[in-house]
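**Q** Convert by adding 82 to the 1-based position in the sequence shown; the result is the number in the numbering used here.
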Amino acid sequence: MKRIAVFPGSFDPFTRGHEDIVLRGLKLFDEIIVGIGYNSGKSNRYFEIELMVKKIEETFADYPNISVLTFAELTAAFAKKHKAKYLLRGLRNTTDFEYENSISQVNRHLNPELESVFLITTPQFAAISSSIIREVHRYKGDVTAFLPYTL
83 MKRIAVFPGS FDPFTRGHED IVLRGLKLFD EIIVGIGYNS GKSNRYFEIE LMVKKIEETF
143 ADYPNISVLT FAELTAAFAK KHKAKYLLRG LRNTTDFEYE NSISQVNRHL NPELESVFLI
203 TTPQFAAISS SIIREVHRYK GDVTAFLPYT L
């Protein structure tokens, strides 16, 4: 049986930390779907979702077992629709753990077959967050060290 994982997020933008989690996840899963969700809690995206799809697809062009899809539904439903039994998530710190633990419990309630798998962020990427990158980019700072692609 194929082990399929969804790596969900808003990915606004997709960072080197995200890339690292996906590549490390390939050691555990046969296929990874990078799921870019429309986050109802975030009114406006900084980077267009179509741009992120394109950039993430370019990042993983050499990996036929990594796909990029968008979704506007509950993550648990999206995973079920794509026959994924796992959610792949990265944890940078204890704050991330608290947040992800709560989401994991709800997802498990919504889809009892769904297991969340957490990978601890590689130390060199622990300080990277999409919100910090957006702020640096907004004020014309250089973000190339934080992204696996060029904007």
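All residues carry an ideal CB built from backbone N, CA and C; glycine is no exception. If you're wondering where the values come from, they're calculated on a predicted model, not measured in any experiment.
Looking at the secondary structure, which residues open and close the beta strand (DSSP E) in which F96 lies?
**A** Segment: none, F96 is in no beta strand (DSSP E) and carries neither H nor E.
**Q** Which of the three DSSP states, helix, strand or coil, is assigned to L105?
**A** In the structure shown, L105 sits in a helix (DSSP, three-state: H, G or I).
**Q** Where does F200 sit, in a helix, a strand or coil, going by DSSP?
**A** Three-state result, F200: strand.
**Q** L169 to Y221, Cα distance in whole Å?
**A** Those two C-alpha atoms are separated by around 34 Å.
**Q** Of the residues G223, G117, N121, R190, which one's Cα is nearest the Cα of K136?
**A** Checked all of G223, G117, N121, R190; the closest Cα to K136 is G117.
**Q** Using only alpha-carbon positions, find the residue among T177, G172, F160 that is nearest to L192.
**A** Here the closest residue by C-alpha is F160.
**Q** For K136, is the beta carbon positioned less than 8 Å from some heavy atom of the ligand ADP?
**A** Although the ligand ADP was asked about, the structure shown includes no ligands whatsoever.
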